[in-house]
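A short write-up of the structure that comes next.
There are 2 protein chains.
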Amino acid sequence: MVKPTMNAFYAQSGGVTSVINASACGVIQTARQHPDRINRIYAGRNGILGALREELFDIQQETTSDIEKLKTTPGGAFGSCRYKLKEASSSTSEYKRIIDVFEAHNIGYFFYNGGGDSADTCLKIAQVSEQMGYPISAIHIPKTIDNDLPVTDCSPGFGSVAKYVAISTREASLDIASMRETSTKVFILEVMGRNAGWIAASAGLAATKASDPPHMILFPEIAFDKAKFLTKVEQTVSKEGFCVIVASEGVTYQDGSPIAGSTDKDAFGHKQLGGVAPALAELVKKELGYKHHWAKSDYLQRSARHIASATDVSQAYAAGQQAVEKSLNGDSAIMVTIEREMNPDYEWTLGSAPLIDIANKEKFVPADFISRDGFGITQKALDYLLPLIQGESYPPYIDGLPQYAKLKNRLVPKKLLQSFNLLATRLTCG
Amino acid sequence: MVKPTMNAFYAQSGGVTSVINASACGVIQTARQHPDRINRIYAGRNGILGALREELFDIQQETTSDIEKLKTTPGGAFGSCRYKLKEASSSTSEYKRIIDVFEAHNIGYFFYNGGGDSADTCLKIAQVSEQMGYPISAIHIPKTIDNDLPVTDCSPGFGSVAKYVAISTREASLDIASMRETSTKVFILEVMGRNAGWIAASAGLAATKASDPPHMILFPEIAFDKAKFLTKVEQTVSKEGFCVIVASEGVTYQDGSPIAGSTDKDAFGHKQLGGVAPALAELVKKELGYKHHWAKSDYLQRSARHIASATDVSQAYAAGQQAVEKSLNGDSAIMVTIEREMNPDYEWTLGSAPLIDIANKEKFVPADFISRDGFGITQKALDYLLPLIQGESYPPYIDGLPQYAKLKNRLVPKKLLQSFNLLATRLTCG
Chain G
321 MVKPTMNAFY AQSGGVTSVI NASACGVIQT ARQHPDRINR IYAGRNGILG ALREELFDIQ
381 QETTSDIEKL KTTPGGAFGS CRYKLKEASS STSEYKRIID VFEAHNIGYF FYNGGGDSAD
441 TCLKIAQVSE QMGYPISAIH IPKTIDNDLP VTDCSPGFGS VAKYVAISTR EASLDIASMR
501 ETSTKVFILE VMGRNAGWIA ASAGLAATKA SDPPHMILFP EIAFDKAKFL TKVEQTVSKE
561 GFCVIVASEG VTYQDGSPIA GSTDKDAFGH KQLGGVAPAL AELVKKELGY KHHWAKSDYL
621 QRSARHIASA TDVSQAYAAG QQAVEKSLNG DSAIMVTIER EMNPDYEWTL GSAPLIDIAN
681 KEKFVPADFI SRDGFGITQK ALDYLLPLIQ GESYPPYIDG LPQYAKLKNR LVPKKLLQSF
741 NLLATRLTCG
Chain H
321 MVKPTMNAFY AQSGGVTSVI NASACGVIQT ARQHPDRINR IYAGRNGILG ALREELFDIQ
381 QETTSDIEKL KTTPGGAFGS CRYKLKEASS STSEYKRIID VFEAHNIGYF FYNGGGDSAD
441 TCLKIAQVSE QMGYPISAIH IPKTIDNDLP VTDCSPGFGS VAKYVAISTR EASLDIASMR
501 ETSTKVFILE VMGRNAGWIA ASAGLAATKA SDPPHMILFP EIAFDKAKFL TKVEQTVSKE
561 GFCVIVASEG VTYQDGSPIA GSTDKDAFGH KQLGGVAPAL AELVKKELGY KHHWAKSDYL
621 QRSARHIASA TDVSQAYAAG QQAVEKSLNG DSAIMVTIER EMNPDYEWTL GSAPLIDIAN
681 KEKFVPADFI SRDGFGITQK ALDYLLPLIQ GESYPPYIDG LPQYAKLKNR LVPKKLLQSF
741 NLLATRLTCG
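If you read the sequences in order, they're chains G and H. Each residue of the first sequence is one higher than the one before, counting from 321 in our numbering. Each residue of the second sequence is one higher than the one before, counting from 321 in our numbering.
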């Protein structure tokens, strides 16, 4: 059991989003409401590396107004990382080091804000701390623009990317429609989504009727068929005078080979993708001869706090809040979930799920969300997606630019004599 | 002289912007206030092609509320085109055709909304109509995201792209700063601007102090020096832990050859598919080994009405308004200009300049706007740029998405017996 008054440790993991700091804000503001239970709040410098290296930012040093500003600030305010701990089955030294650091700083509450890989880390920390006789409450706060976490209805971070992609698609389509006769006929927007096509699917929200752009969506869930693709592009240009395509970075051929892109791998062994849009553009030019343009939003899409979904921001904040409440309630090894109420009006509540059901599992776009020809989304997908982009949560502006939080991020003095020997090779990963 | 009551013709030309429709709105609403002078208002379908083909949209059919919505709608509501009329010195047949169409529809006011090439067209039409004894008032309304029109202090369309690029750079930089230790070290954003680096320069607004990103800006005005570039990237990564680069699509080597060669192959034998950002990314990886990401906003930047500069929208509208007023005043062969008042607070007024001083001239980023090392902007540039991005002009949203005008665009019956034989080859230009 967690002792009556202990400290809390919060860390951000994996690719950051435009609303992960809203979850941090939810954690911090809620924890501050319980000084009888939670004494000090620390944040890991660069995610879990902060725990391994005993680099803890002291949240007490931050003003309430700076913490409030986290609600409207994109990126990871304390730094994040891509660093996968060793498999607990082969070595628990890293987990043990984390628990040692937690013990040295009297940490009883661990809040880990990340995706599927981080859920696994969070689970292992809960298990190892138990084994070591220093049980802590380890709660996972969902975060991923990819929306691929299982159990939860959606993941904080996704709704804002969905909104950005839907708006950008609608806007760029108006541009191309204006110019189609004498200029660009085919426009390709490449969006993120390595294995799951949720972000690409959200472009479908841009359309208000069947013939509206985007005319084609390419999902990683659907094998790329060159002939079918070219036929549909040609038909669309013939009929509409132009063709807008939104392609997921993870689109591959039937055999899994990428359409384009490097074969680099990131820290988790995932292929680092990119270059789908120029590859498709080249194909269109070579085979059909159409003038084309392409765009790749890359990090712009996941940091576009200026047009975040108010629903997403609320859910991100509430997930942080709920994590603290669950923790104070004695829960551990769970992830906060967002649950959709089964009624025509969208309503959501918070729940939780055991991390064992979450870790290392991916949720893909279901078959009945994708239209029969494989190039669009169904009404069912629209019904799922539309509530997630509702509301505009604008950041404050000064002098024409959004004002984002800049924290002090002061480290607390180390208490352990030994530093931990991180393998350098694992810090310069793909 | 224009007859007491005549009709007006408005057309959009060249690449569209997020605020060109605000100029259209300014023209239409102002013209509608003068029914004694301007009887009917027409808009060309796909720009000047609408005049050549006698395809005129009847603005009378549009509701006042739809016209009002043009203020917040990106793209070209009547269609635009890339079509350069033949040199008047070799053939005036196209100009004569346009005047014939104007005469058939009793058009005495011609408003042409475009960039440098269109200024030339507008001037020729004024001259040829004079020669043909059917003088019309031809007024050019400036429009270009490139900000390369001479005489005018700035061009409607630019301020909004500048704002989008500055915000996107600030947001993406927070993302990369969070992840720099274990993930991306170098991020490259490719922006538009073939010959003039105004858009790239505007990324410099994202910084609040010297070490802030963007750490490097690449201008078309400054020859690309590979060694110098790589040294600065390496120094920046060493010092800041990451490096954010904003590169203009028009960056070239000293001899004018492009950075991204279409025949280059990458390490994997893939054809290098154009694009300055991927080419620079490949260079960084090959020479310095840093993990990188890159983005190319392409049309997203020039259609991003969701984050338009309120100042830009006001100027675009006012330019349309002023065009009508100048026209009613008997002016012709002029372009409306935006003039900066010489006082510390930014104030602007409208003026005009003879088209002969505008047509086919480009305004580049001056040397004293670019920092000594060639990779940044000076205080002088900041002082020029900052006023142009002031204010947020948000469009109305329904169901989480911006609501953009959808006009009826009904053609008026043709009056001429002959159709005009457009050369098909010139309709598929670059």
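Glycine included, C-beta positions come from ideal geometry on N, C-alpha and C.
- Within 8 angstroms of the CB of residue 354(G), no CB atom of chain H is found; the nearest one sits about 28 angstroms away.
- Closest option to residue 731(H), judged by alpha-carbon separation, among 359(H), 335(H), 380(H), 351(H): 380(H).
- The C-beta separation of residue 330(H) from residue 344(H) comes to about 6 angstroms, placing the pair in contact by the 8 angstroms criterion.
- Within the stretch 323-342 of chain H, those residues whose Cβ lies closer than 8 angstroms to any Cβ of chain G are, in chain order, 332, 335, 336, 338.
- The Cβ atoms of residue 733(H) and residue 723(H) do not sit closer than 8 angstroms to each other.
- In this structure, residue 599(H) sits away from residue 615(H), with a CB-CB distance that is not shorter than 8 angstroms.
- For residue 434(H), no alpha helix (DSSP H) segment is defined; the enclosing uninterrupted segment is the beta strand (DSSP E) at 427-434.
- If you look at residue 635(G), you'll find it in the alpha helix (DSSP H) that goes 630-648.
- With a cutoff of 8 angstroms on beta-carbon distance, residue 368(G) and residue 401(G) are scored as near each other.
- Shown here, residue 514(G) sits in coil according to DSSP, grouped into three states, outside any helix or strand.
- Residue 727(G) holds the alpha-carbon nearest to the alpha-carbon of residue 498(H) among 738(G), 736(G), 727(G).
- Around residue 507(G), the beta-carbon contacts reaching into chain H at under 7 angstroms are 619.
- By the CB criterion at 8 angstroms, residue 508(H) and residue 524(H) fall outside the cutoff.
- The Cβ of residue 499(H) sits closer than 8 angstroms to at least one Cβ of chain G.
- When secondary structure is reduced to three states using DSSP, residue 717(H) falls in the strand class.
- If you compare the alpha carbons of 457(G), 577(G), 530(G) with that of residue 515(G), the shortest gap goes to 577(G).
- Of the candidates 563(H), 502(H), 569(H), 393(H), the residue whose Cα lies closest to the Cα of residue 742(G) is 502(H).
- For residue 341(H), the enclosing alpha helix (DSSP H) has its first and last residue at 340-352.
- In the three-state scheme derived from DSSP, where H, G and I count as helix and E and B as strand, residue 457(G) is classed as strand.
- In chain order, 491, 494, 495 make up the part of chain G whose C-beta sits under 7 angstroms from the C-beta of residue 394(H).
- At a cut-off of 8 angstroms between beta-carbon atoms, residue 622(H) makes contact with chain G.
- Beta-bridge pairing by DSSP links residue 333(G) to no other residue.
- For residue 598(G), the uninterrupted alpha helix (DSSP H) segment begins and ends at 596-608.
- In the displayed model, residue 446(H) falls within a helix according to three-state DSSP.
- Bridge pairing for residue 616(G): 510(G), 616(H) [DSSP].
- Taking 8 angstroms as the upper bound for CB-CB distance, residue 442(G) and residue 460(G) are in contact here, some 4 angstroms apart.
- Contact between the stretch 388-401 of chain G and the stretch 410-421 of chain G is not established, with fewer than three Cβ pairs separated by less than 8 angstroms.
- Taken through DSSP and simplified to helix, strand or coil, residue 417(H) comes out as helix.
- Your pair residue 641(H) and residue 350(H) checks out as a contact, with CB atoms roughly 5 angstroms apart and the cut at 8 angstroms.
- Contact check between the stretch 470-480 of chain G and the stretch 631-638 of chain G: three or more CB pairs, one atom from each, fall below 8 angstroms, which counts as touching.
- The beta carbon of residue 614(G) falls within 8 angstroms of a beta carbon belonging to chain H, placing the residue at that interface.
- Per DSSP, the unbroken beta strand (DSSP E) holding residue 363(H) starts and ends at 358-364.
- In the DSSP assignment, residue 671(G) falls within the unbroken beta strand (DSSP E) covering 668-674.
- Going by C-alpha positions, residue 556(G) is about 36 angstroms away from residue 335(G).
- Using a Cβ-Cβ cut-off of 7 angstroms, residue 717(H) is close to 712 of chain G, given in chain order.
- Between residue 534(G) and residue 511(G) the beta-carbon gap is near 11 angstroms, outside 8 angstroms, which marks them as no contact.
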